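Counting from 1, one number per residue, gives the positions in the sequence shown under UniProt numbering.
The C-beta atom is built at its ideal place from N, Cα and C for all residues, glycine as well.
Predicted, not measured: the structure shown is a model, and the values here were computed from it.
Scroll down for the structure; my scribbles are underneath it.
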Amino acid sequence: MARQRRQKDVSSSDIPLAHPDKSGPGPSRQTLLDLAAQRGLLDIETENRKPGKLPAGSVPLRDEQPIIGRFGEAVLWSSSLAMLHFTLDVLTQHQYAEVLSWPRVITQSLQAFGVILVFFYALHPHSVPAAYFPRIPSLLHQILFFASSVGSGCYLIHITNEYSYYAVLKQAPPLGVIWIWSVIELDLLWAVGSLLGCLAYLWLGGYSFM
């Protein structure tokens, strides 16, 4: 009958305690980086990462399509500005105690939406160029909307103080939309300058908003 050997129980006291070897591999042993360098894999990666050169299959950031296209952004902004026109129209009629004609207010807001959509699509800067309109340089864009902001703001101040209520009813809503849109399109310094110009016109003319 074969004699069975019984495995000796191993306790924690039988295991020697020691820190792991942190010296790293010996100089004679090759690492993965050494093997990759010998095969020239690191040279290919370095060549692909040179300035102005992208790895194969990657897409430059400037060629990536934005989440919302130019037309979609124009529709969203035009909808917001058309709702602003609707609000200003209602508030102006309430101010002069006019009976609201909802069909007329809605019709004018829809007309404003169509006009704003065309101009916003053509003039608002976007990473995707407009299909049928040339790209406007940044400086020219700022000058154009600065003049629009100052002109519409000053004229709105003028008509609310000099013209009859009927003229204000007709012209105040679109002028208010143009003024606000122009300020939105401007950079901060240009926008502050346009508002200061309107305040100067208000003060020099002795006008008020009340």
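Measure the beta-carbon distance from S149 to S182 and round it to whole angstroms, keeping in mind my assumption that it falls under 8 Å.
4 Å
Apart from the five residues just before and just after W190, which ones in its own chain have a Cβ nearer than 6 Å to its Cβ?
Q142 and F146
In whole angstroms, what separates the C-alpha of V115 from that of L202?
Rounded to the nearest angstrom, the two C-alpha atoms are 29 Å apart.
Note down, in chain order, each residue of its chain lying with its Cβ closer than 7 Å to the Cβ of V105, except the 5 sequence neighbours on either side.
Closer than 7 Å at the Cβ level, and outside the excluded window around V105, lie F86, D89 and V90.
With H, G and I counted as helix, E and B as strand and the rest as coil, what does DSSP make of H19?
Coil, per DSSP.
Are the CB atoms of Y96 and H158 nearer to each other than 9 Å?
No, the Cβ-Cβ distance between Y96 and H158 is not below 9 Å.
Which stretch, first to last residue, makes up the alpha helix (DSSP H) that contains E162?
S138 to E162
Backbone CA spacing between W102 and P174 [nearest angstrom]
17 Å
Shortest alpha-carbon distance to G197 belongs to which of S152, W77 and L33?
S152
Is any beta-carbon of chain B found at less than 9 Å from that of I180?
As a matter of chain content, chain B is missing from the structure shown, which is built from one protein chain.
My understanding is that S177 touches L81, with C-beta atoms under 8 Å, so please give their C-beta distance in whole angstroms.
The question names Ser, but residue 177 is Val in the sequence shown. Contact flag correct, Cβ pair sits at about 5 Å.
Between the alpha carbons of V75 and G205, how many angstroms are there, rounded?
38 Å
Using 10 angstroms around the beta-carbon of E185, count the other beta-carbons present and answer buried if the total reaches 16, otherwise exposed.
The Cβ neighbour count for E185, taken over all protein chains shown within 10 Å, is at least 16; the residue is labelled buried.
Assuming R70 and V128 form a contact by the criterion Cβ under 8 Å, report the distance between their Cβ atoms to the nearest whole angstrom.
5 Å
Whole-Å CB distance - F113 paired with A122, under 8 Å assumed
Contact doesn't hold; Cβ gap of about 15 Å is too wide.
Assign H124 to one of two classes, buried (16 or more other C-beta atoms within 10 Å of its C-beta) or exposed (fewer than that).
buried
Cα-Cα, which of T107, E162 and R135 is closest to F120?
R135
Would you identify the three-state DSSP class for F133, choosing helix, strand or coil?
For F133, the three-state secondary structure derived from DSSP is coil.
Mind checking T92: buried by the 16 CB within 10 Å criterion, or exposed?
buried
Around the C-beta of S79, are 16 or more other C-beta atoms found within 10 angstroms, so that it is buried, or is it exposed?
exposed
What's the C-alpha gap between E162 and S194?
22 Å
From H94 to T107, what distance separates their C-alpha atoms?
18 Å
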